[in-house]
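Enquirer: Residue numbers (our numbering): 72 to 522.
1. Return helix, strand or coil for residue 329, following the three-state DSSP convention.
2. At the level of alpha carbons, what is the spacing between residue 297 and residue 260?
3. Can you tell me whether residue 93 is buried or exposed? The criterion is at least 16 other CB atoms within 10 Å of its CB, across all chains shown.
4. Find the nearest neighbour of residue 205 within the set 178, 219 and 223, judged by alpha-carbon distance.
5. DSSP on residue 324, reduced to helix/strand/coil?
6. Tell me whether the beta-carbon of residue 278 lies closer than 9 Å to the beta-carbon of residue 270.
7. Determine, using beta-carbon pairs with one atom in the segment 300-320 and one in the segment 347-358, whether at least three such pairs fall under 8 Å.
8. Could you give the uninterrupted runs of the beta strand (DSSP E) lying entirely in the segment 240-301, keeping only those of 3 residues or more?
9. Could you tell me the distance, in whole angstroms, from the CA atom of residue 275 to the CA atom of residue 157?
10. Should residue 328 go down as buried or exposed, given a rule of 16 or more other Cβ atoms within 10 Å for buried?
11. Quick one: give me the first and last residue of the alpha helix (DSSP H) that residue 314 is part of.
12. How long is the line joining the alpha carbons of residue 175 and residue 165, rounded to whole angstroms?
13. Measure the beta-carbon distance from residue 114 to residue 150 and round it to whole angstroms, keeping in mind my assumption that it falls under 8 Å.
14. Going by the CB atoms, is the gap between residue 138 and residue 183 shorter than 9 Å?
15. Report back the beta-carbon spacing between residue 503 and residue 384 to the nearest angstrom; my notes put them in contact at under 8 Å.
16. Are residue 495 and residue 454 close, meaning C-beta to C-beta below 9 Å?
17. Is there contact here, the segment 363-373 with the segment 131-145, by at least three beta-carbon pairs under 8 Å?
18. Hey, could you find the ends of the beta strand (DSSP E) residue 218 is sitting in?
19. Determine contact between the segment 208-215 and the segment 225-245, defined as no fewer than three beta-carbon pairs at a distance below 8 Å.
20. Expressed to the nearest angstrom, what Euclidean distance is found between the alpha-carbon atoms of residue 487 and residue 403?
21. Between the beta-carbon of residue 339 and the beta-carbon of residue 144, is there less than 9 Å?
22. Tell me the start and end of each unbroken beta strand (DSSP E) in the segment 171-226 that is at least 3 residues and wholly inside, in chain order.
23. Does residue 146 come out as helix, strand or coil in the three-state DSSP assignment?
24. Which of helix, strand or coil does DSSP assign to residue 520?
25. What's the gap between the Cα of residue 446 and the Cα of residue 357?
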């Protein structure tokens, strides 16, 4: 017997619809390339995203097509996130820090016909365009009319400016409804081992991930939160923050390309940011700047760090500044957050050195995902904080294969091998100790390269 409950598809567009209806005046604040601060609201952004859907259709974008973005964090990039996936196409975010040949390979492999780019990436777009002329048809500069000069592009590639497209587009009356398992986003790995590999997210996986990181024991944004994602939107969907924040009506503060300590601190203080997410190198630069200048945070209360291990010294440094430093872990293939270092009764009572030591652990599994460590014979290691093993995970937002690589597919309930080695303690907290390929065998034992 089936339950008598309504069923609605878990679609990304439902997030921005909810934000516009129930948190319409909540702010999205963006810093432009020239340093200007631009403000909009979720209500206005949702309307522009519906106009952008119309513009995308006029550019020939259809259901399932990949649309590339080469952009930093901004309101315009957020509009693209929702309009592209909302119409049933795939938002393909590209990391501009990759090698030119890797970017060309990614654009070709994904068959992107349309590329949206920030003006600051114009030289990069001009350099890559001749390499992808066989597939690329349109480049759109995320700029106003006359703000960016015309690029020298191959024949058959046309350039537009974003604001003119939005202005001329027909506003879509409503968001289309389709299967929640439809692909919504595409992000390629860095290609450190061979060619970059594409991870294809679905609407369902992205929403479930957003629900999970919004839990109180994880990132936990609220309608009163003002969050600044330093992590770029081309890096695994900015760790899900562009979905999680509008879901609860949290204000989004977008730094654009200005990620130096002076710019970040000024934006944090000026916009009353209380939560920020980013990688340890950003936090280290910020802490060093504050030590040199004697500055303090006016409103920041908490940071989430990921992408690399959070050094103990940074935990201590932020604590001295009145900020709690929390750690999460994941990878491109895991959407990305799988574990988060939220407290349990056994860890909440820790103080001093023990508390700081515990904060360096990556964290414990969020509901909807699972982790394990396995030894050489494939058996799961003990949760004793000492027994090393290969880390694998599975769950609702874990990849089961790579885009256009059928040989890579694993089962829906299979464990995905992360390539990391680590231990899990008695409370379920994971600590990564190395990468599998970096372990050294000595005297019949595997020794971490860190040791």
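All C-beta atoms in this analysis are idealised placements derived from N, C-alpha and C, irrespective of residue type, glycine included.
Expert: Walking through what the data contain:
1. In the structure shown, residue 329 adopts coil according to DSSP, grouped into three states.
2. Rounded to the nearest angstrom, the two C-alpha atoms are 30 Å apart.
3. Result: exposed.
4. Ranking 178, 219 and 223 by Cα distance to residue 205 puts 178 first.
5. Residue state, collapsed to three classes: strand.
6. In this structure, residue 270 does not lie closer than 9 Å to residue 278 by Cβ.
7. Yes, since at least three Cβ pairs between the segment 300-320 and the segment 347-358 fall closer than 8 Å, the two stretches touch.
8. Within the segment 240-301, the complete beta strand (DSSP E) runs of at least 3 residues are 254-259, 269-273 and 297-300.
9. Residue 275 and residue 157: Cα-Cα distance of roughly 13 Å.
10. Burial call: buried.
11. Unbroken alpha helix (DSSP H) run through residue 314: 312-319.
12. Cα to Cα, the separation comes out at about 10 Å.
13. At roughly 13 Å, the Cβ-Cβ gap does not stay under 8 Å, so residue 114 and residue 150 are not in contact.
14. With contacts defined as CB atoms closer than 9 Å, residue 183 and residue 138 qualify as a contacting pair.
15. So it is not a contact: roughly 18 Å between Cβ atoms.
16. Pairing residue 495 with residue 454 gives a Cβ-Cβ distance under 9 Å.
17. No: the two stretches stay apart, fewer than three of their Cβ pairs being nearer than 8 Å.
18. Per DSSP, residue 218 lies in no beta strand (DSSP E) and is assigned neither H nor E.
19. Yes: the two stretches touch, three or more of their Cβ pairs being nearer than 8 Å.
20. Between residue 487 and residue 403, the C-alpha separation is close to 12 Å.
21. No.
22. DSSP runs (the beta strand (DSSP E)) wholly in the segment 171-226: 185-188 and 209-212.
23. Residue state for residue 146 is assigned as helix, using DSSP reduced to three classes.
24. Bear in mind that a pLDDT of 47 at residue 520, under 50, signals an unreliable position, so the model cannot answer this.
25. About 39 Å.
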